[in-house]
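Numbering (our numbering), first residue to last: 5 to 229.
See the structure below:
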């Protein structure tokens, strides 16, 4: 039960200095919140040394109240929910949205999510609760690369999620990964085509790297120099 854990010790931070630093650099003030611990999915390049495949979540009522408390105490212009996966269950997202609006706690925020979780009802609830941007692990525009990663998603789901978010007025960020074993120039072109077609508002690019303890590492450790 995550709701019984103590709140983050924000009193240890000189919040006004933090606010000034944000405003000087970005013109607004953002704070972080976390609603969950862990991720139940099994992308084979992802290290999980702390939580493994376990996933636990605060109640939507608790998170909405915390958001209201932050809004009242510090007045952030923006929140980054730093969960690996925000809102695993659609009913959680809907309940959170209703509670946020009931409390008058609505604040612009961004999240990370999976494309296969972004149904019409979920995206609508995200929009109603103040979500302005969703980052998704698109990774590749080549289906066989997604399958090799044990990603559990499809290229068509990536495209559909991007279209759905855009239609609801939510910005889209794509995490992309290049260099996974088996990737060809044609696969890279497929990823470029996906980005061109989906026109995400931002992208983050990384190169596949094997972290000890992952399935990916076990696959390639004999090739490491």
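For every residue, glycine included, the Cβ atom is placed at its ideal position computed from N, Cα and C.
Keep in mind the model is a prediction, meaning the values are calculated, not measured.
DSSP beta-bridge partners of residue i
i           : result
residue 180 : 143 and 209
residue 48  : For residue 48, which the question treats as bridged, DSSP gives no partner whatsoever.
residue 113 : 83 and 135
residue 175 : 137
Sequence-distant residues of the same chain with beta carbon closer than 7 Å to residue i, five excluded per side
i           : result
residue 170 : 176
residue 131 : 172, 173 and 174
Cβ shell of residue i (< 6 Å), same chain only, five flanking positions each side left out
i           : result
residue 41  : 55 and 60
residue 187 : 149
residue 23  : 33
Under the three-state DSSP convention, the category residue i falls into
i           : result
residue 202 : helix
residue 98  : helix
residue 27  : helix
residue 86  : coil
residue 55  : coil
residue 155 : coil
residue 129 : helix
residue 103 : helix
Boundaries of the alpha helix (DSSP H) in which residue i is found, first to last residue
i           : result
residue 220 : 219-224
residue 162 : 159-171
residue 34  : Not the alpha helix (DSSP H): residue 34 falls in the beta strand (DSSP E), residues 34-37.
residue 4   : The question about residue 4 has no answer, for the chain in this structure spans 5 to 229.
Beta-carbon spacing of residue i, residue j below 9 Å
i           : j           : result
residue 78  : residue 35  : yes
residue 116 : residue 138 : yes
residue 94  : residue 121 : yes
residue 135 : residue 166 : no
residue 51  : residue 157 : no
residue 220 : residue 48  : yes
residue 207 : residue 178 : yes
residue 145 : residue 191 : yes
Cβ-based neighbour list, residue i, same chain, cut-off 8 Å, excluding 5 preceding and 5 following
i           : result
residue 32  : 26, 81 and 82
residue 147 : 158 and 159
residue 211 : 181, 182 and 183
Delimiting residues of the beta strand (DSSP E) encompassing residue i
i          : result
residue 41 : 40-42
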